Structures are given as C-alpha cells and as structure tokens.
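Novice: Mapping of the sequence shown onto the working numbering: position 103 corresponds to residue 115, and the numbering continues sequentially without gaps. Got a structure for you, questions after.
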Amino acid sequence: GIVGFTLKDRLDALLESPAILLVMGGMLLVTAALLAFAYYAKPRQKETISYRDALIIGLAQACAAMPGLSRSGTTIATGLLLGNKKAAVAQFSFLMVLAPILGDTLLEAASGDLTAGVAAGPLAAGFLASFVTGCLACKFMIEIVKRGKLIWFSLYCALAGLVSILSYFC
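So, in structure tokens, the structure goes:
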C-alpha cells in the first residue's frame, strides 16, 4: 500500500508512455518465471505460514504494484518457493488483497471520490455482484493452486509478455 501510494504518480506517467508495453511484457515474463520456479521447486511443506514468510510474501505483493506483474501469481509463487503448502498460501494470498483494496478505498473516501456520483442503489448492486464473483473466482483459483496447475498460467504470462514486447517494436 505505502509503496503503491508513494510511486503512484510515477506509475501513472509510465502508463501513458509507449514504453509501458516493454515494462508490462517484462513483468509478465518475471511472473512466468516465478510461477515456473515455484512449479518445479520441491521445497519442504511447512505446516503454517510463519511471520517471516508473511513479511516476505507481503514484500512480494508490494513489488507486484508494477504494471504487468501479477499480484496473486507473485504472492502465491513466493509462498510456494518459501516452502508453504499450496492451499494455505493460496488462501493467504487472496486474504492479503484486502489490505490494498481497503487502503485504496479509505484514500478515495478521504478525497471524496468514493462514489464518483453514482447513486447508492447501483453502487450497492455493483458491490454485491463484484463480491460474489470475486469469491467464486478466489475459490476457483485456490482449487487450481491446490492441483498444482499454475504452470499453465506461467505459459500464458510468458506468451502475453512476448506479445507485449513484440507489439512495442512493431
């Protein structure tokens, strides 16, 4: 949260630059590499996520503020590389997303931009729909992580990264 907040202006300027294709492509390749390393690594399986591991996974989440770096892919891969169980790290990763979401919501509320002129009814309906679909997506992703199929997401990220980089040069 703090990293994203302090770098927000720089990241916004980068998003408007044509070089964003190179940055995003490179970060997608980093995500692919992290997921591939996590897939092929066979570390011991820890029973619980330690405070040290939680801190390292949190730092990985802060780095994932870079455009193109998958937040969930980065945190899950980091947790797996640290030797945590697949199900535990997947659940932890999806719980961790609450901190930046709540932080951003508080910042928007403090600035008065929270509702952006949307009435309470449609805002509540949108919140409910996104909450339900988000929960379903998290459940689906946790099942994918448990089955160890993140290598497919790694291949997707690698392909998307290469397409992004080639798009910059074409």
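Built from N, CA and C at the ideal position, the CB exists for glycine as well. The model shown is predicted, which means the values in this text are computed figures rather than measured ones.
Just to confirm, are L47 and S176 a CB contact at a threshold of 8 angstroms?
Specialist: no
Novice: Quick one: Cα of A102 to Cα of L93, how far?
Specialist: 13 angstroms
Novice: So A99 and I154 are supposed to be a Cβ contact under 8 angstroms. How far apart are they, rounded?
Specialist: 7 angstroms
Novice: Excluding the 5 residues preceding and the 5 following S142 in the sequence, name in chain order all residues of the same chain whose CB lies nearer than 7 angstroms to its CB.
Specialist: none
Novice: Considering Cα atoms alone, identify which of F104, G85, L107, A132 is closest to I163.
Specialist: G85
Novice: Under the three-state reduction of DSSP, which class applies to K161: helix, strand or coil?
Specialist: coil
Novice: Roughly how many whole angstroms lie between the Cα atoms of C150 and C169?
Specialist: For C150 and C169, the distance between alpha carbons rounds to 19 angstroms.
Novice: Helix, strand or coil for K98? Go by DSSP, reduced to three states.
Specialist: helix
Novice: Do you know how far the Cα of L119 is from the Cα of A111?
Specialist: 12 angstroms
Novice: When the Cα atoms are used, what is the spatial distance from S82 to T90?
Specialist: 12 angstroms
Novice: Rounded to whole angstroms, what is the Cα-Cα separation between I68 and G173?
Specialist: 25 angstroms
Novice: Return helix, strand or coil for K58, following the three-state DSSP convention.
Specialist: strand
Novice: Once you ignore the five residues that flank Y180 on each side, which residues in its own chain have a CB closer than 6 angstroms to its CB?
Specialist: L33, L34
Novice: Can you give me the start and stop residues for the alpha helix (DSSP H) that L81 sits inside?
Specialist: Looking at the DSSP string, L81 is not in any alpha helix (DSSP H), and its letter there is neither H nor E.
Novice: Below 8 angstroms between beta carbons: does that hold for V42 and I88?
Specialist: No, the pair does not count as a contact, with Cβ atoms beyond the cut-off.
Novice: Taking the alpha-carbon positions, what's the I113 to R64 distance?
Specialist: So the two alpha carbons sit approximately 23 angstroms from each other.
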